[in-house]
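Engineer:
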Amino acid sequence: MLSDFDYESIALALYQEWIELDLFHWGLATFSDQDFEDAGLTAQDRYLIQFMAEQEVGHATLLSNMLGPQAPKQCTYNYPVSNVREYIDFCQKLTRFGESGVYGFMNHLNARDVATLLLQSISTEARQQMIFRQFEGLFPMPVWFEIGTPQSWAWTLLAPYISSCPENQTRLIWQNYPSVYILNQPNPARVNGANVWNETTGGYTNTLSTADVKPEDDCLHNKDVGSNCSPAVTNNRSIPLSYPGRQVYFQWDSPGQAIGPNNSYITDTTVKEPVFAAWVSQLNVTYTPLQDVHNNSAWAVQPNMSTYAGDPALNGTIYLLLTDEDLYVTPFNLSMLNPHVYGVALYQAG
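Going left to right, the sequence shown walks through residues 30 to 379 as the working numbering numbers them.
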């Protein structure tokens with residue numbers, strides 16, 4: 030018999046598996062072979078995405094069997110993408126918070142046998158996330174440690190992309206925070222991805238947009254070593270996507286927005302106004318004060334933080350939160366931060 034905590038946590042993971050199953054099939058059905066070829070992805074690459082979808086069948090079956098007859102069913106979804114490169118970036122970000130969301134609750138489960146099975150499935154998802162980074166022309170694994178996050182952070186990032194669910198679908202208890210828009214979110218489609226303004230397809234995941242990337246600024250067609258971002262086993266950029274000291278600009282929604290399946294969830298926070306940007310990466314949470322806070326907007330300086338031996342802690346796809354307190358937390362008790370969170374976003378640090 031699963032505890033309520035275990036049931037709701039596994040149900041969240043199942044919602045994640047269902048959207049991944051749909052997303053991987055959706056991309057292959059929506060975009061033509063030529064669309065993928067133009068993004069540097071071959072028939073073999075497309076088959077790998079197809080195989081990832083098949084992996085999700087196994088994951089969804091496993092979790093559904095754990096939960097029984099009331100297990101959440103597959104829903105209908107919306108994706109903030111209009112071409113293959115935006116699709117790959119969204120897949121890379123979706124698998125990031127899917128992986129992190131399970132790491133965050135796995136060691137808190139009452140059922141240790143369930144945790145073992147989840148570890149075996151989420152280890153596969155970690156490989157998927159790395160592959161999408163390779164498809165995007167990013168360095169495949171730029172960190173020493175991966176992030177584990179609370180359930181409410183994962184649900185906040187997942188729910189906006191669920192349009193509707195079947196009648197009598199199992200609801201989740203996790204909180205939905207307001208959306209945070211990163212106005213100068215680094216754009217991996219550019220040679221100089223840090224030199225950018227308002228090039229995302231929306232808040233929450235802050236997925237890249239290619240709409241305003243001119244050919245001379247597009248790293249896919251740049252042939253120079255260190256500038257080209259064609260799909261590859263590995264790429265190393267000469268110009269980093271982000272760096273310590275970078276001013277990062279935000280806008281955020283007010284709470285009370287209807288969101289998620291059938292607009293049946295409402296964004297909520299107990300924070301009146303955010304005071305800090307919390308940079309959550311690897312083993313660290315580092316806070317920098319928000320500047321020029323007015324009309325649901327502000328900016329903050331990207332911190333210079335490391336894990337050990339000078340390893341830059343801010344790299345890869347990280348979590349950027351707006352909070353009202355610079356609370357000390359560890360990787361095991363990040364949920365202590367939840368009452369102090371205003372909004373959650375993904376930041377493409379590297």
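Where is the CB? At the ideal position from N, CA and C, for every residue including glycine. Only a predicted model underlies this, so the values are computations on that prediction, with no experimental measurement involved.
Could you check what DSSP says for residue 372 in three-state terms: helix, strand or coil?
Structural biologist: By 1-based counting over the sequence shown, the position of residue 372 is 343. Here residue 372 sits in strand by DSSP.
Engineer: Of the choices 289, 86 and 272, whose alpha-carbon is the least far from that of residue 198?
Structural biologist: By 1-based counting over the sequence shown, the position of residue 198 is 169. It is 289.
Engineer: What does the alpha-carbon distance come out to for the pair residue 35 and residue 77?
Structural biologist: For this step, residue 35 is matched to residue 6 along the sequence shown. For this step, residue 77 is matched to residue 48 along the sequence shown. Rounded to whole angstroms, residue 35 to residue 77 spans 32 Å at the Cα level.
Engineer: Between 113, 258, 84 and 303, which lies nearest to residue 150 when the distance is taken from Cα to Cα?
Structural biologist: Residue 150 sits at position 121 when you count from the first residue of the sequence shown. Checked all of 113, 258, 84 and 303; the closest Cα to residue 150 is 84.
Engineer: Can you list the beta strand (DSSP E) stretches of 3 or more residues lying completely in the segment 167-210, in chain order?
Structural biologist: Complete beta strand (DSSP E) runs here, min 3: 191-193.
Engineer: May I ask which residues mark the beginning and end of the beta strand (DSSP E) holding residue 278?
Structural biologist: Your numbering for residue 278 matches position 249 in the sequence shown. From DSSP, the beta strand (DSSP E) with residue 278 extends over 276-281.
Engineer: Any idea if residue 236 is buried or exposed, counting beta-carbon neighbours within 10 angstroms, 16 or more meaning buried?
Structural biologist: Locating residue 236 in the sequence shown gives position 207, counting from the first residue. Buried, since its Cβ has 16 or more Cβ neighbours within 10 Å.
Engineer: For residue 71, name the three-state secondary structure that DSSP assigns.
Structural biologist: In the sequence shown, the residue the question calls residue 71 occupies position 42. Residue state, collapsed to three classes: coil.
Engineer: What's the C-alpha gap between residue 245 and residue 160?
Structural biologist: If you number the sequence shown from 1, residue 245 lands on position 216. If you number the sequence shown from 1, residue 160 lands on position 131. Using only the alpha carbons, I get a separation of about 26 Å.
Engineer: Return the chain-ordered list of same chain residues with a C-beta closer than 6 Å to the C-beta of residue 340, the five sequence neighbours on each side being excluded.
Structural biologist: Residue mapping note: residue 340 aligns to position 311 of the sequence shown, counting from 1. Same-chain partners within the cutoff: 173.
Engineer: What ranges does the beta strand (DSSP E) occupy inside the segment 293-320, keeping only unbroken runs of at least 3 residues that lie completely in it?
Structural biologist: Segments of the beta strand (DSSP E) lying fully in the segment 293-320: 305-310 and 313-318.
Engineer: Does the beta-carbon distance from residue 147 to residue 135 come in below 7 Å?
Structural biologist: The count along the sequence shown starts at 1 and reaches residue 147 at position 118. The count along the sequence shown starts at 1 and reaches residue 135 at position 106. Cβ distance < 7 Å, so residue 147 and residue 135 count as in contact.
Engineer: Can you give me the C-alpha to C-alpha distance between residue 178 and residue 327, rounded to a whole angstrom?
Structural biologist: If you number the sequence shown from 1, residue 178 lands on position 149. If you number the sequence shown from 1, residue 327 lands on position 298. C-alpha separation (whole angstroms): 24 Å.
Engineer: Between 336, 377 and 303, which has its C-alpha nearest residue 355's C-alpha?
Structural biologist: Taking the sequence shown and counting its residues from 1, the one referred to as residue 355 is at position 326. Considering only alpha carbons, the answer is 303.
Engineer: Taking residue 308 as the reference, give the member of 167, 262, 370 and 250 with the closest Cα.
Structural biologist: Here residue 308 is taken as the residue at index 279 of the sequence shown, counted from 1. Closest by alpha carbon: 370.
Engineer: Grab me the residues of residue 222's own chain with a C-beta within less than 6 Å of its C-beta, minus the 5 sequence neighbours each way, in chain order.
Structural biologist: What you label residue 222 is simply residue 193 of the sequence shown in a count that begins at 1. Around residue 222: 215, 216 and 270.
Engineer: Quick check on the burial criterion: 16 or more other C-beta atoms within 10 angstroms. Buried or exposed for residue 321?
Structural biologist: Translated into the one-based positions of the sequence shown, residue 321 becomes position 292. Exposed, because fewer than 16 other Cβ atoms sit within 10 Å of the Cβ of residue 321.
Engineer: Between which residues of its own chain and residue 336 is the CB-CB distance below 8 Å, once the five residues before and five after are set aside?
Structural biologist: In the sequence shown, residue 336 corresponds to position 307, counting from 1. Result list for residue 336: 173, 174, 311, 312, 313 and 342, in chain order.
Engineer: Would the segment 203-214 and the segment 54-65 be scored as touching if the rule is three or more Cβ pairs under 8 Å?
Structural biologist: At 8 Å Cβ cutoff, the stretches do not touch.
Engineer: DSSP on residue 155, reduced to helix/strand/coil?
Structural biologist: Residue 155 sits at position 126 when you count from the first residue of the sequence shown. Residue state, collapsed to three classes: helix.
Engineer: Between which two residues does the beta strand (DSSP E) carrying residue 326 extend?
Structural biologist: Counting from 1 along the sequence shown, the entry for residue 326 is found at position 297. First-last of the beta strand (DSSP E) with residue 326: 326-330.
Engineer: Short check: CB of residue 291 to CB of residue 193, under 7 Å?
Structural biologist: Reading the sequence shown from its first residue, position 262 is the one you call residue 291. Reading the sequence shown from its first residue, position 164 is the one you call residue 193. Taking 7 Å as the Cβ cut-off, residue 291 and residue 193 qualify as a contacting pair.
Engineer: Between the alpha carbons of residue 242 and residue 219, how many angstroms are there, rounded?
Structural biologist: Indexing the sequence shown from 1 puts residue 242 at position 213. Indexing the sequence shown from 1 puts residue 219 at position 190. Those two C-alpha atoms are separated by around 7 Å.
Engineer: Tell me, please, which residues DSSP counts as bridged to residue 323.
Structural biologist: Position 294 of the sequence shown, counted from the start, is the residue given in the question as residue 323. Beta-bridge pairing links residue 323 to 326.
Engineer: According to DSSP, is residue 219 part of a helix, a strand, or is it coil?
Structural biologist: If you number the sequence shown from 1, residue 219 lands on position 190. Correct three-state label for residue 219: strand.
Engineer: Any idea what DSSP makes of residue 214, helix, strand or coil?
Structural biologist: By one-based count along the sequence shown, residue 214 stands at place 185. Reduced to three states, the DSSP call for residue 214 is coil.
Engineer: What's the gap between the Cα of residue 46 and the Cα of residue 130?
Structural biologist: The residue given as residue 46 occupies position 17 in the sequence shown. The residue given as residue 130 occupies position 101 in the sequence shown. Cα to Cα, residue 46 sits roughly 12 Å from residue 130.
Engineer: Indicate the three-state DSSP secondary structure (helix, strand or coil) for residue 290 in the structure shown.
Structural biologist: Taking the first residue of the sequence shown as position 1, residue 290 is located at position 261. In the structure shown, residue 290 sits in a helix (DSSP, three-state: H, G or I).
Engineer: Rounded C-beta distance between residue 331 and residue 277? I'm assuming under 8 Å.
Structural biologist: Against the sequence shown, residue 331 aligns to sequence position 302. Against the sequence shown, residue 277 aligns to sequence position 248. Indeed, because the Cβ distance is near 6 Å, the residues count as touching under 8 Å.
Engineer: Residue 35 by DSSP, collapsed to three states: which one?
Structural biologist: Counted from its first residue, the sequence shown places residue 35 at position 6. Three-state result, residue 35: helix.
Engineer: Just the C-alpha distance for residue 365 and residue 157, rounded to the nearest angstrom, thanks.
Structural biologist: One-based indexing of the sequence shown puts residue 365 at position 336. One-based indexing of the sequence shown puts residue 157 at position 128. Rounded to whole angstroms, residue 365 to residue 157 spans 29 Å at the Cα level.
Engineer: Which same chain residues, not among the five before or five after residue 49, have their C-beta less than 6 Å away from its C-beta?
Structural biologist: Start at 1 with the first residue of the sequence shown, and residue 49 comes out as number 20. Here the set comprises 85.
Engineer: Checking the sheet assignment: what are the DSSP bridge partners for residue 341?
Structural biologist: One-based indexing of the sequence shown puts residue 341 at position 312. Answer by DSSP bridge pairing, in chain order: 335.
Engineer: Would DSSP call residue 233 helix, strand or coil?
Structural biologist: Against the sequence shown, residue 233 aligns to sequence position 204. If DSSP states are grouped into helix, strand and coil, residue 233 belongs with coil.
Engineer: Quick check on residue 149 - is its C-beta less than 7 Å from some C-beta in chain C?
Structural biologist: Checking the listed chains, one finds no chain C in this structure; it contains a single protein chain.
Engineer: Going by the beta-carbon positions, is the gap between residue 68 and residue 113 smaller than 7 Å?
Structural biologist: Taking the sequence shown and counting its residues from 1, the one referred to as residue 68 is at position 39. Taking the sequence shown and counting its residues from 1, the one referred to as residue 113 is at position 84. Result yes, Cβ atoms of residue 68 and residue 113 sit closer than 7 Å.
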